[in-house]
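Okay, so here's the structure we're looking at.
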């Protein structure tokens, strides 16, 4: 049920593979800590792979927004990859789909980061 | 129609067996009262102001909505709306106060599923609930809960008072008159 993340580097971009639920409590905290740790290490090009995230609540949406603005404010870029239908629909109805840079192809997403 | 009502009664009975914390039910009524029994069914839970409550309310909502015959998509929407309402009750209403409880009622009729969630907080100020779709609020990290609840349910009533906030969530059973009206629009 809970959220898990693992990170890998591809061409200077940190891909965070997320799985589970991003919800109030543990899920949101894990996402927040992961992004904070990456920024602390100077990794400012972050691609959140949400392909295995099957559930997100308003707190999780807030955490995604927070991650996006935090990375941006530090001169970095955060993009989203492989949204499930549920997450896609949630970002649509909250009008956040166009705020985030959403990708559905990993290689293309990596290339889309500024060099 | 009789068959549909009978199914409702059957699932209501199984729910009571499954729900350990149910405060009240219909199980003890006799055959003579079956018409009333079959037309409505209610289960109440009194829960602590904790994150576990949020998860429990969501799980129970999912189970009851499934038993009521809603499809996967609607079950997800109902469960999520209940989760968001429970989050509001636990965090914003009761502020995790261990002395305050959250009351969750599920009432099912042939026409609709009605879920009422009540906290013991100071009462939500509806004037302070921002529009999360306003451009200036899009990047805010909170304030989307009630919007999502309204998006996922057919009817939502929010009744704040000095003794707490009560939110009533209603989802019409598929094929009801209300659904037909929506579909024709």
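Residue numbers (the working numbering), protein chains in the order written: chain A, 44 to 158; chain B, 0 to 184.
Note that beta-carbon positions come from the ideal geometry of N, C-alpha and C, so glycine has one too.
Residue-level contact to chain A via CB, residue i, 8 Å cutoff
i, result
"residue 68(B)", "no"
"residue 140(B)", "yes"
"residue 83(B)", "yes"
"residue 61(B)", "no"
"residue 53(B)", "yes"
"residue 26(B)", "Low confidence applies to residue 26(B): its pLDDT is 36, below 50, so where it sits in the model is not reliable enough to give any reading."
"residue 150(B)", "yes"
"residue 107(B)", "no"
Residue i at chain B interface by Cβ criterion, 8 Å
i, result
"residue 119(A)", "no"
"residue 137(A)", "yes"
"residue 73(A)", "no"
"residue 96(A)", "no"
"residue 67(A)", "yes"
"residue 45(A)", "no"
"residue 159(A)", "With chain A covering 44 to 158 only, the question about residue 159(A) has no answer from this structure."
"residue 159(A)", "Chain A is shown only over 44 to 158; residue 159(A) falls outside these bounds and no answer can be derived."
"residue 142(A)", "yes"
"residue 77(A)", "no"
"residue 127(A)", "no"
"residue 130(A)", "no"
"residue 108(A)", "yes"
Three-state class that DSSP yields for residue i in the structure shown
i, result
"residue 41(B)", "strand"
"residue 110(B)", "coil"
"residue 141(B)", "coil"
"residue 151(B)", "helix"
"residue 20(B)", "Model confidence at residue 20(B) stands at a pLDDT of 39, short of 50, so the residue's coordinates are unreliable and nothing is read from them."
"residue 105(B)", "strand"
"residue 164(B)", "strand"
"residue 149(A)", "helix"
"residue 76(B)", "helix"
"residue 158(B)", "strand"
"residue 86(A)", "coil"
"residue 96(A)", "strand"
"residue 131(A)", "helix"
Buried or exposed (CB count within 10 angstroms, at least 16 for buried), residue i
i, result
"residue 171(B)", "buried"
"residue 126(B)", "exposed"
"residue 92(A)", "buried"
"residue 156(B)", "exposed"
"residue 134(B)", "exposed"
"residue 131(B)", "buried"
"residue 95(B)", "exposed"
Identified DSSP bridge partners for residue i
i, result
"residue 56(A)", "53(A)"
"residue 48(B)", "Answer is none; residue 48(B) lacks a bridge partner."
"residue 91(A)", "59(A) and 123(A)"
"residue 100(B)", "47(B)"
Rounded distance between the beta-carbons of residue j and residue i, thought under 8 Å
i, j, result
"residue 150(A)", "residue 120(A)", "Not a contact, Cβ separation roughly 16 Å."
"residue 50(A)", "residue 59(A)", "5 Å"
"residue 105(B)", "residue 149(B)", "No, residue 105(B) and residue 149(B) are not in contact; Cβ-Cβ is about 19 Å, not under 8 Å."
"residue 162(B)", "residue 102(B)", "Not confirmed; about 12 Å, so no contact."
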